[in-house]
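For the sequence shown, the positions run 52 to 420 when this note's numbering is used. What follows is a set of notes on a single structure, which appears directly below.
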Amino acid sequence: MENSEGGRLVGKPRRRMNKRQQMLESRETREGLDTPSGCATPQKSIAIPSRPQATQAALLSSLSGRPFEDMKFFAFSRRSRSKTVDTPRPILVNSMLLRSTSTHFEYGEWYCPIAALTQAYYMEALGCMGGFSESDIANLDAPYPSDRSDKSLDYGYESDSDLEDEDEQVQALSQESTLGIHSIHCASTAESSAVHTGKEHSPCRYGRVIYVDNVAHATLKSFVFYAYTGGITFARLKSQGSQVSGHTEPTSVPICSPKSMYRLADLYDIPMLKNLAKNDIKMKLSPNNILDELFSTFTSLYPEIEAFEREYLIRNIDHPVIQQKLPDWIDALAEGRLPQGAAKTVSKLILRESRTPASRPVSAFGLFD
């Protein structure tokens with residue numbers, strides 16, 4: 052049953068093929084399983100439960116003896132000196148609470164209230180998670196598989212500030228070692244039980260294991276906390292200067308970059324969270340950092356962000372700090388040191404000024420001085 056392979060958490064939820072439904076029906080016939088009381092027949096679409104509904108369902112499920120954590124993410128946490136994204140770390144989560152945030156986490160075509168599930172149907176429900184196209188059921192206590200690459204080849208946002216730099220002094224990651232030790236203990240306990248009782252018994256926790264190749268561990272951890280509580284804490288932008296290290300006590304509220312969370316919310320189509328992140332970025336703009344932000348890799352990826360940052364620059368173009376810094380950024384553009392899309396941003400600035408009735412000469416931007 053144990054299988055360490057998982058799917059990538061990217062894109063829109065993929066509709067489950069009828070093959071899954073056929074497999075369930077075949078299993079019912081073969082094993083004589085009846086549909087549990089309260090379960091619905093396979094459905095094509097499922098409404099997102101509210102957070103209180105999801106919380107109640109998860110708690111009722113745990114009261115009936117099922118583990119609260121039924122899913123584990125592995126996400127990369129570090130950017131090496133060679134700019135490779137590596138060092139996967141685990142996050143154990145409750146899948147029902149994730150469902151309260153987005154249809155990306157729905158159960159595909161097959162649905163049953165989690166509190167009404169038998170163990171067999173519960174595992175099948177996890178197997179139908181619509182957003183995870185290639186993931187599988189595995190031992191939640193197992194460490195990161197040695198036969199899987201510990202580097203991301205397709206991260207897509209290497210300047211992500213939620214990734215730790217290799218030079219940073221980090222605390223020992225006891226969670227990973229604990230998981231590995233528990234996995235060994237889990238197996239030995241099962242063997243001991245089999246010897247004494249003559250029956251196979253595994254105390255291991257099984258659930259869905261997902262390998263996330265394109266979201267930082269810190270971002271994903273903050274997202275899970277948001278799914279559980281509705282609360283989120285954003286860090287300062289790097290362009291605002293130094294900040295307190297993100298390494299906190301295990302009981303502290305997780306902190307993440309608003310830009311990294313905006314990217315996650317865009318990937319998983321969570322408008323409310325996306326707006327929270329966008330408004331936080333807006334609030335942190337100033338004459339001191341607007342050029343850093345406007346000409347950043349992140350801004351070049353999102354037209355919505357580029358638009359309001361461009362407007363901020365236009366409104367504050369006469370500020371002495373901006374007037375002092377702008378020529379250096381234009382030089383960087385001419386030398387090809389800015390992200391792709393920077394030239395288009397400058398063109399929009401020029402066009403905007405040229406269309407303003409009483410605009411001053413373009414040289415006021417410092418572009419041709």
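Yeah, the Cβ is synthetic: ideal placement off N, Cα and C, and Gly gets one too.
Distance between GLU209 and PRO139, taken at the CA atoms: about 15 Å.
Taking a 10 Å sphere around the C-beta of ASP218, we find fewer than 16 other C-beta atoms and assign the residue as exposed.
C-alpha of PRO118 to C-alpha of ILE283: approximately 25 Å in a straight line.
Under the three-state reduction of DSSP output, ALA267 falls in the coil class, being neither helix nor strand.
The shortest C-alpha to C-alpha distance from ASP317 to any of VAL144, THR152 and PRO103 is the one to THR152.
In the same chain as ALA109, and ignoring 5 residues on each side of it, the C-beta atoms closer than 8 Å to its own belong to PHE119, ASN145, MET147, LEU148 and ILE165, in chain order. Per DSSP, the continuous alpha helix (DSSP H) segment holding ASN326 begins and ends at 322-334. Between SER128 and HIS268 a beta carbon distance of about 4 Å is seen, short of the 8 Å cut, so the two are scored as contacting. Out of THR280, ASN265 and PRO141, the CA that lies nearest to the CA of LEU324 is found in THR280. By the Cβ rule, the region 350-360 does not count as touching the region 189-206, because fewer than three pairs are nearer than 8 Å. When the beta-carbon positions are compared, PHE124 and VAL304 stay at least 7 Å from each other.
Within 10 angstroms of the beta-carbon of GLU344 lie 16 or more other beta-carbons, which makes it buried.
In the displayed model, ALA189 falls within a strand according to three-state DSSP. GLU209 sits in coil when the DSSP states are folded into three classes, being neither helix nor strand.
Sequence-distant Cβ neighbours of LEU271 in its own chain, meaning closer than 8 Å and more than five residues away, are PHE124, ALA126, ILE142, VAL263 and LEU315.
According to DSSP, residue pairing for PHE349 in a beta bridge does not occur.
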